[in-house]
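S.K.: My questions will all concern the structure given below.
In structure tokens:
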């Protein structure tokens, strides 16, 4: 009876062998640690022998696993070469992608891992900037695909994800109801900035701009330092941050991520890129994902 090896299992096994850690391999392949552990069990069952052994805190191939790994790498290389030469023959052109900072580092890492595996010969350029800047670059054909917030535009666009906006502050921050709310915001233009100011005005709550930054790390550093309150999606929460209940009367709208593309025909490579972006963005928060 002919059996076929699962290349996803083999790719994860190679990552574990390279990094010496299931958790590190999980981050590389964009899966959870438990999912990669289950993959290793399934692969060992498929080949009929133990592939990995633990040595202290590290994980390394067994002697038979190391021998298997050499052939497994050749199988992966052959798979990627076939895809590049025969299936993705036109996929060696540069890919120019844009993202807003709120997409998040882990999501972007999964996206880039999948794209680099699918298009091993294609140079990939990523710009992380504001939605307005990305739309200008798409119009100038300096980007191919971009993930940004909803904005008035004539460019082709589709809704990827809808999330609630929330008020976020350091856990130790206590707001004085008699004092203006200290706001930590992106520079103008910013949809979260606009939403925060509109919500506070509607609730009759005074505010002051305590800090502005063009970068998300700078913004979140100020929030973590207790300088004030910001508005982001729940994915921006960290252990030292919390949703601000004191501002629950200042209702915020939803945050929408859209996939924008440049005008004109979409080659097969860009269609594949769009599929990856849709899957990874919607995978992050499936309860809010657009069907």
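In the working numbering, the protein residues as written are 25 to 315. Quick reminder that beta carbons are idealized off the backbone N, C-alpha and C, glycines included. Nothing here was measured: the structure is a model prediction, and the numbers come from that model.
Below 8 Å between beta carbons: does that hold for residue 50 and residue 60?
M.R.: The answer is yes: Cβ separation under 8 Å.
S.K.: For the ligand SAH, is there a heavy atom less than 7 Å away from the beta-carbon of residue 158?
M.R.: Here there are no bound small molecules, and the ligand SAH is not part of this structure.
S.K.: Should residue 204 and residue 231 be called a contact, given that it needs their Cβ atoms to be closer than 8 Å?
M.R.: Yes. Within cutoff.
S.K.: Quick check: residue 267 and residue 190, are their CB atoms within less than 8 Å of each other?
M.R.: Contact flag set, yes.
S.K.: Let me check understanding here. Comparing Cα to Cα, which of 281, 248, 243, 73 lies closest to residue 86?
M.R.: Considering only alpha carbons, the answer is 73.
S.K.: Please say whether residue 140 and residue 283 have beta carbons closer to each other than 8 Å?
M.R.: Taking 8 Å as the Cβ cut-off, residue 283 and residue 140 do not qualify as a contacting pair.
S.K.: Got a sec, what are the start and stop residues for the alpha helix (DSSP H) residue 163 sits in?
M.R.: From DSSP, the alpha helix (DSSP H) with residue 163 extends over 155-163.
S.K.: Cα separation between residue 40 and residue 94?
M.R.: So the two alpha carbons sit approximately 14 Å from each other.
S.K.: What does the Cβ neighbour count give for residue 233, buried or exposed, with the cut at 16 atoms within 10 Å?
M.R.: Result: exposed.
S.K.: What three-state label does DSSP hand residue 121 in the structure shown?
M.R.: Residue state, collapsed to three classes: strand.
S.K.: If I follow the unbroken alpha helix (DSSP H) through residue 217, where does it start and stop?
M.R.: Taken as a continuous stretch (DSSP letters only), the alpha helix (DSSP H) holding residue 217 covers 215-226.
S.K.: DSSP beta-bridge partners for residue 206?
M.R.: DSSP output for residue 206 lists 232 as bridge partner(s).
S.K.: What ranges does the beta strand (DSSP E) occupy inside the region 234-311, keeping only unbroken runs of at least 3 residues that lie completely in it?
M.R.: Listed in chain order, they are 254-256, 265-267, 278-285.
S.K.: Let me check understanding here. Comparing Cα to Cα, which of 227, 171, 163 lies closest to residue 201?
M.R.: Here the closest residue by C-alpha is 227.
S.K.: In or out: residue 63 buried (at least 16 other Cβ within 10 Å) or exposed?
M.R.: It counts as buried.
S.K.: Over what stretch of residues does the beta strand (DSSP E) that includes residue 181 continue unbroken?
M.R.: Its beta strand (DSSP E) spans residues 181-188.
S.K.: Using 10 angstroms around the beta-carbon of residue 240, count the other beta-carbons present and answer buried if the total reaches 16, otherwise exposed.
M.R.: The residue in question, residue 240, is buried, as its Cβ has 16 or more Cβ neighbours within 10 Å.
S.K.: Do you know how far the Cα of residue 76 is from the Cα of residue 44?
M.R.: In a straight line, the C-alpha of residue 44 is about 10 Å away from that of residue 76.
S.K.: Here's the rule: buried if 16 or more other CB atoms are within 10 angstroms of the residue's CB, otherwise exposed. What is residue 295?
M.R.: Result: exposed.
S.K.: In the DSSP assignment, find the unbroken alpha helix (DSSP H) run with residue 71 in it and report its ends.
M.R.: Counting along the chain, the alpha helix (DSSP H) containing residue 71 begins and ends at 57-71.
S.K.: Of the choices 192, 54, 161, 225, whose alpha-carbon is the least far from that of residue 209?
M.R.: Comparing Cα-Cα distances from residue 209 to each of 192, 54, 161, 225, the minimum goes to 192.
S.K.: Verify whether the separation of the beta carbon atoms of residue 265 and residue 248 is less than 8 Å.
M.R.: Cβ distance < 8 Å, so residue 265 and residue 248 count as in contact.
S.K.: Could you have a look at residue 89 and say whether DSSP puts it in helix, strand or coil?
M.R.: Residue state, collapsed to three classes: helix.
S.K.: How about residue 148 and residue 136: are their beta carbons less than 8 Å apart?
M.R.: Result yes, Cβ atoms of residue 148 and residue 136 sit closer than 8 Å.
S.K.: Can you say whether residue 42 is buried or exposed, counting buried as having 16 or more other CB atoms within 10 angstroms of its CB?
M.R.: By the neighbour-count rule (16 or more Cβ atoms within 10 Å), residue 42 is not buried but exposed.
S.K.: Nearest to residue 184 by alpha carbon, out of 142, 301, 207?
M.R.: Here the closest residue by C-alpha is 301.
S.K.: Quick one: what's got a C-beta closer than 7 Å to residue 117's C-beta in the same chain, skipping five residues either side?
M.R.: Taken in chain order, the residues that qualify are 146, 293.
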